[in-house]
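Residue 315 is where the sequence shown starts when you use our numbering, and the numbers rise one by one after that.
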Amino acid sequence: MIVLKTSRELGFMREACRISAGALQLVGKCVEPGISTAELDKIAEDYIRSQGATPNFKGYSGYPATACISINNEVIHGIPSKKRILKAGDIVSVDLGAAIEGYNGDNAATFAVGDISDEAKRLIDATRESLYEGIAAARAGGRIGDIGSAIQRYVEARGFSVVREFVGHGIGTKLHEAPEVPNFGTPGKGIRLMPGMTIAIEPMINMGLPGVKTLSDGWTVETKDGSLSAHFEHTVAITTDGTQILTNV
């Protein structure tokens, strides 16, 4: 069931998203060669708790950390570890969220660790821009397929591929709500977008083929062909006045 939010509920969503965005921005500033993913995770958790919120990923379906931190060919759900040290040339995707007053925020971004290859820059840029293409297509009266189609067209035109097995989602009092928001699709198809809907749009884009696999830890998802992957995400609200990005800092 899709839950439409009232203006009061959107106020709670904005606060959860403000905190989520602040945590992601802070972690991004701390990404550098030599830092461990566990240190980045602690930075995120400390910030979220300092704002009076709770990390909504921690304990979700048993997930052990505040943030999912995925390096290079890892697509999503990388588990932070003291043993995982970032090095120059890596790209690292950070996905995290916060909950406050019973409402959730969720966002993600991919960061360069020092100097990276031109191809890695192209992948990051295309993934980021595809997110905004998807947001621009998310309009009241439109369809879910409009979002995925816009993302898919943008990245495939640049030689990259869209992960199929994982998609965006509705968000509100639950971290994951209906509807699913694929990063591929057909314009004019799918559920109609209505004012009051809050959704997380999150393109996961591979440099190589779209296939992915889940590792034995039950969480980490990698590209099957070992190619690099990037991930960006915003929580947005569909309103009568246009689509609002709630996780903007």
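Even for Gly, the Cβ is constructed at its ideal location relative to N, Cα and C. Source: prediction; values computed, not measured.
| Check | Outcome |
| --- | --- |
| Determine, using beta carbons only, whether Ala413 and Asn370 come nearer to each other than 8 Å. | yes |
| Quick one: complete alpha helix (DSSP H) runs, 4+ long, within the region 427 to 464? | 432 to 451 |
| Going by C-alpha to C-alpha distance, which of Glu536, Pro493, Glu329 and Arg472 sits closest to Val481? | Pro493 |
| Who are the Cβ neighbours of Thr553 in its own chain at under 6 Å, not counting the five residues just before and after it? | Pro509 |
| Under 8 Å, do Pro524 and Ser463 count as touching if we go by C-beta distance? | no |
| Give me the Cα-Cα distance between Phe498 and Ala352, rounded to the nearest whole angstrom. | 33 Å |
| What is the DSSP secondary structure of Ser384, counted as helix, strand or coil? | strand |
| Whole angstroms are fine: how far does the CA of Tyr377 sit from the CA of Ile303? | The chain is shown from 315 up to 563; residue 303 falls before or after that span and cannot be answered. |
| Between the beta-carbon of Glu449 and the beta-carbon of Ile559, is there less than 8 Å? | Looking at the sequence itself, residue 449 is Ile, so the reference to Glu does not match. Yes, they are a contact pair. |
| For the putative contact between Thr500 and Gly459, defined by C-beta atoms under 8 Å, what is the C-beta separation to the nearest angstrom? | 5 Å |
| In terms of residues, what are the limits of the alpha helix (DSSP H) holding Glu265? | The displayed coordinates of the chain run from 315 to 563. Any statement about residue 265 would go beyond what the structure contains. |
| Quick one: what does DSSP say Asp355 is sitting in, helix, strand or coil? | helix |
| I'd like to check one pair, Gly392 with Asp429: are the Cβ atoms closer than 8 Å? | no |
| Ala358 and Ala337 look like a contact to me (Cβ under 8 Å); what is the Cβ gap, rounded to whole Å? | 5 Å |
| Does the separation of the CB atoms of Val427 and Leu354 fall below 8 Å? | no |
| What residue range is occupied by the uninterrupted beta strand (DSSP E) comprising Thr553? | His548 to Thr553 |
| With DSSP run on the structure shown, which of helix, strand or coil describes Ile316? | coil |
| Near Asn387, which residues of its chain fall below 8 Å by C-beta distance, leaving aside the five closest residues on each side in sequence? | Glu536, Thr537, Gly540, Ser541, Leu542 and Ser543 |
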